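Each remark here refers to the structure printed beneath this line.
In structure tokens:
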């Protein structure tokens with residue numbers, strides 16, 4: 401399943417009030433930054449255990465620390 405389909409499946413699975421808020425926020429972000437790199441994480445680790453909430457991403461960045469590690 402591609403990222404856009406995963407995002408839509410996640411949004412659709414939410415309650416109506418939450419779904420409409422997430423969908424509107426998603427629409428606004430894509431309107432402002434249509435070329436952003438979308439990503440989705442279902443919150444599960446490699447063993448399939450839930451370790452976090454779902455995440456919809458709109459790009460990425462790397463934090464560089466003073467010691468040069470990322």
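In the working numbering, the protein residues as written are 401 to 470.
For every residue, glycine included, the Cβ atom is placed at its ideal position computed from N, Cα and C.
Just so we're clear, the structure is a prediction, and the values are computed from it rather than from any experiment.
What do you get for residue 432, buried or exposed, if any count of 16 or more other CB atoms within 10 angstroms of its CB means buried? By the beta-carbon neighbour count (other beta carbons within 10 angstroms, threshold 16), residue 432 is exposed.
At the level of alpha carbons, what is the spacing between residue 415 and residue 401? Roughly 22 Å between the two C-alpha positions.
Span of the alpha helix (DSSP H) holding residue 418? Run containing residue 418: 416-432, per the alpha helix (DSSP H) assignment.
Below 8 Å CB to CB, which residues in the same chain sit around residue 457 once its five sequence neighbours on both sides are set aside? Only residues of its own chain outside the window of five on either side were considered, and among them 437, 438, 439, 440 and 441 have a CB closer than 8 Å to the CB of residue 457, listed in chain order.
In DSSP terms, what residue 450 is bridged to: Beta-bridge pairing links residue 450 to 444.
Check the C-beta distance from residue 443 over to residue 451 and give it rounded, since I have them as a contact under 8 Å. That pair is a contact at about 6 Å.
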